[in-house]
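Before any comments, here is the structure.
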């Protein structure tokens with residue numbers, strides 16, 4: 117029975133925690149930059165709307181950060197609780213970025229506390245703005261360090277194995293594995309992109325709710341522009357990620373693309389279902405896989421046939437890959453249309469159906485984040501440390517993981533509902549019109 | 014000084030800091046829930062919102078620092094403690110989540126102040142030390158056993174052990190005592206006479222049980238781990254200093270004088286006792302399987318971690334100073350004359 121296998125159950129619990137945490141972590145990395153940009157625009161243009169935008173985003177942000185902290189602590193400890201053998205081995209080589217992440221987070225937490233509790237405490241808005249820089253830097257640095265650990269799991273280096281022990285360890289070399297540049301860039305760009313689309317969703321939703329205030333228009337236009345910039349960046353980086361995979365983890369790319377035989381002029385397969393080794397009902401784009409893998413339509417792409425069967429990732433990651441790429445492309449296209457239309461004053465972007473598409477952007481981006489992480493994690497199977505340790509070798513032998521799954525699932529449900537309830541209540545009790553009116557009467561923002 | 018000693022000292026120091034800041038946090042939540050229960054609510058709510066809300070994430074990082082650091086410096090601990098602590102550590106995580114979400118959901122923005130939530134938040138402050146402190150008992154040996162080369166936790170032995178229960182009771186009394194002394198000082202600084210009196214009373218109530226349970230543990234150790242007990246006796250003078258510091262705190266609180274100094278003496282009391290305990294535990298991380306020497310990481314990693322730690326301190330200390338200046342030493346802020354929350 118798989119359900120009595122601690123390794124399988126550990127995978128389930130890790131999947132649960134990471135899938136929940138990544139939503140908050142992505143917002144936690146991306147939104148500080150958005151707040152910074154809004155506050156900066158507000159200071160530069162002397163436009164109170166943008167300052168208030170930053171302030172209202174910050175209020176919601178703190179709720180998501182708190183849940184992110186809590187779930188981040190959970191995954192940090194679960195690494196050792198569920199994967200003790202892996203941590204014992206890998207701790208010797210990759211502990212440095214984990215350790216540095218704690219400092220980055222320390223830094224972020226300190227300044228976030230200060231930033232949140234010092235609105236209007238300084239005469240000069242710019243001083244308060246400065247406090248946000250360490251928050252954004254700390255958040256970004258945390259994600260960089262954690263992504264470095266993940267890169268190491270995909271492409272370990274910086275050590276030699278002698279009698280089952282890691283020797284000649286070089287912690288810095290281990291930190292800068294070939295997977296780092298594309299992975300880090302991809303994680304950062306998608307965090308910014310996702311945060312922009314989530315915030316755009318909220319603005320669009322307020323407009324659909326009947327609010328005609330110019331404040332929402334400014335918010336929507338700003339976030340869609342940012343979304344477009346980072347969506348394009350994501351697409352470019354995605355192309356580099358393909359080339360990284362082809363070079364260092366060809367089995368992951370081959371499984372994602374149902375590319376069974378090594379061949380030249382390889383075509384890219386989108387969607388479809390698998391019948392044996394035959395893709396049915398799929399869209400085939402000739403030469404596209406060779407271009408993605410090597411930047412050359414005639415290049416040879418390694419197929420799954422080069423790998424022993426027990427070292428091949430499961431083939432359903434194809435759908436995860438497709439989901440991620442399709443949503444990414446759609447959001448780039450959609451925000452492009454919006455921004456062009458907004459500059460040219462085309463009115464169709466103000467129709468209800470277009471607003472609803474904008475609302476869908478945030479959830480879609482979050483789905484793409486989930487699909488992307490599932491893809492990279494499942495695509496590494498059966499390895500936890502590629503080439504050195506499989507997930508079953510790394511897992512705990514404790515028999516209580518099933519019970520813990522129930523406990524944590526309950527916790528995440530409560531935290532998820534709590535976040536939604538608190539955020540809606542917070543903004544509904546104090547809509548922007550009311551707050552703007554209160555500010556004009558010379559009262560503070562929080563007054564009821 | 015060897016790299017091993019540097020590593021464990023740094024970790025022990027951060028654990029000590031966590032014990033202090035977390036005790037303040039846990040205890041405050043409990044006192045708040047208790048006053049709400051007996052109908053004296055809102056005496057502490059202001060203090061909690063003004064001091065604990067901005068800093069709880071920082072408190073949490075001290076904990077993360079310790080467990081990430083110990084895996085970094087002593088990776089083998091992951092194998093022994095990681096495997097056996099699954100259940101207690103998961104419970105602790107859930108309790109931490111309750112506390113974190115209380116700050117997020119109840120004190121920021123939306124202000125959900127449901128009574129049930131206040132009680133859960135208060136109760137989690139007591140359950141957390143009870144979930145975390147048994148690790149200290151487990152490190153004394155006899156509870157973590159080996160089966161086919163895999164460690165497992167003997168729950169029956171643990172739950173019937175007087176040593177484990179004395180450590181749990183000590184952790185509870187210590188949390189309440191540390192918290193009460195700190196809050197006496199903080200309330201006095203805030204000029205809140207009502208809260209000061211209440212917290213002073215709690216500090217005096219919990220001083221006795223805290224020192225009695227601490228002595229009780231040394232007695233329990235004599236039977237459970239004679240080797241450790243003998244090493245504690247060698248360090249008796251440090252524990253004597255610790256006791257004098259304790260007496261100083263109680264005297265000042267009793268005389269209603271110099272609450273700030275009373276808290277500093279209390280830090281000294283716990284610092285000396287904590288380090289004397291740690292030193293007498295040396296060199297074992299887990300009796301009898303794991304010492305700081307055989308579980309240590311490689312030299313290259315150890316040096317890298319220490320360099321990262323020193324660099325990190327240069328970033329951290331000024332930031333912590335700024336945080337404390339704004340929320341702990343700023344008179345207007347503490348007195349609640351200004352509310353600058355976003």
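Residue numbers (this note's numbering), protein chains in the order written: chain L, 117 to 564; chain H, 14 to 355. Cβ atoms here follow ideal geometry from the backbone N, Cα and C, with glycine treated the same way. Fair warning: this is a prediction, and the values are worked out from it, not measured in the lab.
Where residue 160 (chain H) falls: helix, strand or coil (DSSP): Counting from one through the second chain, the residue named residue 160 (chain H) turns up at place 147. In this structure, residue 160 (chain H) counts as strand in the three-state DSSP scheme.
Report the residue from L:497, L:287, L:378 and L:255 whose alpha carbon sits nearest the alpha carbon of residue 426 (chain L). As a position in the first chain, residue 426 (chain L) is number 310, starting the count at 1. Among L:497, L:287, L:378 and L:255, the Cα nearest to that of residue 426 (chain L) belongs to L:497.
Report the residue ranges of all beta strand (DSSP E) runs contained in full by the segment 163-187 of chain H; include only those spanning at least 3 residues, in chain order. 163-166
Residue range of the unbroken alpha helix (DSSP H) whose run includes residue 297 (chain H): Within the second chain, residue 297 (chain H) is the residue found at index 284, counting from 1. It is not in any alpha helix (DSSP H) - residue 297 (chain H) instead sits in the beta strand (DSSP E) that spans 297-299.
Comparing alpha-carbon positions, which option in H:16, H:44, H:242 and H:75 lies nearest residue 26 (chain H)? On the second chain, residue 26 (chain H) is found 13 positions in, with the first residue counted as 1. That would be H:75, whose Cα lies nearest to the Cα of residue 26 (chain H).
At least one CB of chain H closer than 8 Å to the CB of residue 267 (chain L): is that the case? The residue you call residue 267 (chain L) lines up with position 151 of the first chain. Cβ-Cβ to chain H under 8 Å: no for residue 267 (chain L).
Within the segment 386-437 of chain L, ranges of the alpha helix (DSSP H) (whole runs, at least 4 residues): 404-410
Counting only C-beta atoms, is residue 102 (chain H) closer than 8 Å to chain L at any point? Residue mapping note: residue 102 (chain H) aligns to position 89 of the second chain, counting from 1. By this cut-off, residue 102 (chain H) is an interface position.
Residue environment, residue 235 (chain L), which counts as buried when at least 16 other CB atoms sit within 10 Å: Indexing the first chain from 1 puts residue 235 (chain L) at position 119. By the neighbour-count rule (16 or more Cβ atoms within 10 Å), residue 235 (chain L) is buried.
Where does residue 501 (chain L) fall in DSSP's three states? Counting from one through the first chain, the residue named residue 501 (chain L) turns up at place 385. If DSSP states are grouped into helix, strand and coil, residue 501 (chain L) belongs with the strands.
If the cut-off is 7 Å on Cβ atoms, which residues from the segment 193-208 of chain L count as contacting chain H, listed in chain order? 193, 196, 197, 200, 201, 203, 204, 207 and 208
Can you look up residue 560 (chain L) in the DSSP assignment and give me helix, strand or coil? Numbered from its first residue, the first chain carries residue 560 (chain L) at position 444. Caution is warranted here: a pLDDT of 46 is assigned to residue 560 (chain L), below 50, making its placement in the model unreliable, and the coordinate value is therefore given only provisionally. If DSSP states are grouped into helix, strand and coil, residue 560 (chain L) belongs with coil.
The ligand SAM and residue 200 (chain H): does any heavy atom of the ligand fall closer than 7 Å to the residue's C-beta? This structure simply doesn't include the ligand SAM, nor any ligand for that matter.
Chain-order list of residues whose beta-carbon lies under 7 Å from that of residue 284 (chain H) (same chain, five-residue window excluded): As a first step, residue 284 (chain H) is located in the second chain; it is residue number 271 there, counting from the start. Excluding residues within five positions, the ones whose Cβ falls inside 7 Å are 29.
Rounded to a whole number of angstroms, what is the C-alpha to C-alpha distance between residue 570 (chain L) and residue 375 (chain L)? Since the displayed chain L opens at 117 and closes at 564, residue 570 (chain L) lies outside it and no answer follows.
Given a limit of 7 Å on CB to CB distance, which residues of the segment 525-552 of chain L reach chain H? 527, 531, 534, 538, 541 and 542
Using a Cβ cut-off of 9 Å, pull out every chain H residue sitting near residue 569 (chain L), in sequence order please. As displayed, chain L neither begins before 117 nor continues past 564, which places residue 569 (chain L) out of reach and without an answer.
What residue range is occupied by the uninterrupted alpha helix (DSSP H) comprising residue 251 (chain H)? If you number the second chain from 1, residue 251 (chain H) lands on position 238. Looking at the DSSP string, the run of the alpha helix (DSSP H) that includes residue 251 (chain H) is 249-267.
Using a C-beta to C-beta distance shorter than 7 Å, which residues of chain H count as neighbours of residue 429 (chain L)? Within the first chain, the letter at position 313 stands for residue 429 (chain L). Going along chain H, no residue has its Cβ under 7 Å from residue 429 (chain L), so there is no contact; the nearest lies around 26 Å.
Using 8 Å as the threshold, is the segment 242-261 of chain H in touch with the segment 202-218 of chain H, meaning 3 or more CB pairs across them? no
Measuring only the C-alpha atoms, how far is residue 504 (chain L) from residue 209 (chain L)? Position 388 of the first chain, counting from 1, holds the residue named residue 504 (chain L). Position 93 of the first chain, counting from 1, holds the residue named residue 209 (chain L). Rounded to whole angstroms, residue 504 (chain L) to residue 209 (chain L) spans 13 Å at the Cα level.
Using the Cβ count rule (16 or more neighbours within 10 Å means buried), how would you classify residue 268 (chain L)? Residue numbering aside, residue 268 (chain L) sits at position 152 when the first chain is read from its first letter. That one is buried.
Chain-order list of residues whose beta-carbon lies under 8 Å from that of residue 336 (chain L) (same chain, five-residue window excluded): Walking along the first chain from the start, residue 336 (chain L) turns up at place 220. The residues are 316, 319, 320, 323 and 474.
Residues of its chain near residue 159 (chain H), where Cβ-Cβ distance is below 8 Å and the 5 sequence neighbours each way are ignored: Counting from 1 along the second chain, the entry for residue 159 (chain H) is found at position 146. Taken in chain order, the residues that qualify are 165 and 302.
Could you please give the first and the last residue of the uninterrupted alpha helix (DSSP H) stretch that includes residue 279 (chain H)? For the purposes of this step, residue 279 (chain H) is taken as the residue at position 266 of the second chain. Residue 279 (chain H) -> alpha helix (DSSP H) spans 272-294.
Does residue 514 (chain L) have its Cβ less than 8 Å from a Cβ in chain H? As a working note, residue 514 (chain L) is residue 398 in the first chain. Judged by the 8 Å Cβ criterion, residue 514 (chain L) is in contact with chain H.
Simplified DSSP state of residue 157 (chain L), which is helix, strand or coil: To locate residue 157 (chain L), count along the first chain from 1; it is residue 41. Residue 157 (chain L): helix per DSSP, three-state reduction.
Residues of chain L with CB closer than 8 Å to the CB of residue 144 (chain H), please, in chain order. Taking the first residue of the second chain as 1, we reach residue 144 (chain H) at position 131. In chain order: nothing, as chain L lies at least about 12 Å away.
What residue from L:214, L:172 and L:499 has the CA that sits closest to residue 290 (chain L)'s CA? By 1-based counting over the first chain, the position of residue 290 (chain L) is 174. Looking at the Cα atoms, L:214 is the closest of the given residues.
Please report whether the beta-carbon of residue 157 (chain L) lies at a distance below 8 Å from any beta-carbon of chain H. Numbered from its first residue, the first chain carries residue 157 (chain L) at position 41. Chain H contact via Cβ: absent.
Residue 299 (chain L), buried or exposed, once every other Cβ within 10 Å from all chains shown has been counted against 16: Looking up residue 299 (chain L) in the first chain gives position 183. Its Cβ being crowded by 16 or more others within 10 Å, residue 299 (chain L) is buried.
Strictly by DSSP, which residues pair up with residue 363 (chain L)? Here residue 363 (chain L) refers to the residue found at position 247 when the first chain is read from its first residue. DSSP, once it has assigned bridges, lists no residue as partnering residue 363 (chain L).
Does DSSP put residue 380 (chain L) in a helix, in a strand, or in coil? Translated into positions along the first chain, residue 380 (chain L) becomes position 264. Here residue 380 (chain L) sits in coil by DSSP.
Where residue 445 (chain L) and residue 171 (chain H) are concerned, what is the direct C-alpha to C-alpha distance, given to the nearest angstrom? Counting from 1 along the first chain, the entry for residue 445 (chain L) is found at position 329. Counting from 1 along the second chain, the entry for residue 171 (chain H) is found at position 158. Those two C-alpha atoms are separated by around 56 Å.
Express the C-alpha separation of residue 490 (chain L) and residue 514 (chain L) in angstroms, rounding to a whole number. Locating residue 514 (chain L) in the first chain gives position 398, where the first residue counts as 1. Locating residue 490 (chain L) in the first chain gives position 374, where the first residue counts as 1. Their backbone Cα atoms lie some 25 Å apart in a straight line.
At least one CB of chain H closer than 8 Å to the CB of residue 124 (chain L): is that the case? Position 8 of the first chain, counted from the start, is the residue given in the question as residue 124 (chain L). Not one chain H Cβ lies under 8 Å of residue 124 (chain L).
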